[in-house]
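In our numbering, the protein residues as written are 950 to 1117.
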């Protein structure tokens, strides 16, 4: 075979390769779009989409437990430890007694009253945490701002003065 002797063009092989290429690109696009939709359509970089997904799930699970007045379960979600009661001395920074004062239905420290419904209004990555604004009991303003740490998977209150803008 010399340089000028080209192999015979195989139309079937070329069509199969083109179909595989377009199929792979299409599958990648579908998976990418599906991941974005499942993560809650975040306006953020793709490497932060898992933080949005897991942070929104944690906040939803936490507030559903508070709505059902299941404070031990809610505290386990807050600390990301289902078995927190077996080693409760480990959580001295925010003990369960203080948590009950903040989140119980009869608490005078709870400025939202009895929490019956919630809606996540916005979520943005702030530093190394996800800042989540939640509207409680159908409020239109005065959102509850919580942070979700993707490394430890714990919830916390937002830093003082830091809250998400929800519009006019």
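Glycine is no exception: its CB is placed at the ideal position from the N, C-alpha and C atoms. For clarity, every value in this text was computed on a predicted model and none was experimentally measured.
1) Take the Cβ of residue 1052 as the centre, count every other Cβ of all protein chains shown within 10 Å, and call the residue buried at 16 or more, exposed below.
2) Identify the residues that DSSP records as bridge partners of residue 990: which are they?
3) Give me the Cβ distance between residue 1099 and residue 1113, rounded to the nearest whole Å; I'm assuming they're in contact under 8 angstroms.
4) Once you ignore the five residues that flank residue 1049 on each side, which residues in its own chain have a CB closer than 7 angstroms to its CB?
5) Considering just the uninterrupted stretch of the alpha helix (DSSP H) at residue 1001, what are its terminal residues?
6) Taking residue 1093 and residue 1061 to be in contact with their CB atoms under 8 angstroms, please state how far apart those CB atoms are, rounded to whole angstroms.
7) For residue 1019, report the span of its alpha helix (DSSP H) as first-last.
8) Rounded to the nearest angstrom, what separates residue 979 and residue 971 at their Cα positions?
9) Per DSSP, what kind of secondary structure is residue 1036 in: helix, strand or coil?
10) Kindly list the residues whose CB is nearer than 8 angstroms to the CB of residue 1004, restricted to its own chain and excluding five residues on each side of it in sequence; keep chain order.
11) Return helix, strand or coil for residue 1113, following the three-state DSSP convention.
12) Ordered along the chain, which non-local residues of its own chain (more than five positions away) have a Cβ less than 6 angstroms from that of residue 997?
13) Count the C-beta pairs between the stretch 1030-1041 and the stretch 1104-1111 that are closer than 8 angstroms, then say yes if the count reaches three, no if not.
14) I'd like to check one pair, residue 1069 with residue 999: are the Cβ atoms closer than 9 angstroms?
15) The alpha helix (DSSP H) that contains residue 954, what's its start and end?
Walking through what the data contain:
1) The residue in question, residue 1052, is buried, as its Cβ has 16 or more Cβ neighbours within 10 Å.
2) Note: residue 990 is not bridge-paired with any residue in the DSSP secondary-structure output.
3) Taking C-beta atoms under 8 angstroms as the contact rule, residue 1099 and residue 1113 fail to qualify, at a distance of about 17 angstroms.
4) Excluding residues within five positions, the ones whose Cβ falls inside 7 angstroms are 1020.
5) 998-1016 is the extent of the alpha helix (DSSP H) around residue 1001.
6) Contact between residue 1093 and residue 1061 is confirmed by a C-beta separation of about 7 angstroms, below the 8 angstroms threshold.
7) Element bounds for residue 1019: n/a, residue is neither H nor E.
8) Between residue 979 and residue 971, the C-alpha separation is close to 12 angstroms.
9) Assigned with DSSP and collapsed to three states, residue 1036 falls in helix.
10) The residues are 1072, 1079, 1081, 1097, 1099.
11) DSSP places residue 1113 in coil when its eight states are reduced to three.
12) Only 1074 meet the Cβ criterion.
13) Because the criterion of three Cβ pairs below 8 angstroms is not met, the stretch 1030-1041 and the stretch 1104-1111 do not touch.
14) In this structure, residue 1069 does not lie closer than 9 angstroms to residue 999 by Cβ.
15) Taken as a continuous stretch (DSSP letters only), residue 954 belongs to no alpha helix (DSSP H), as it is neither H nor E.
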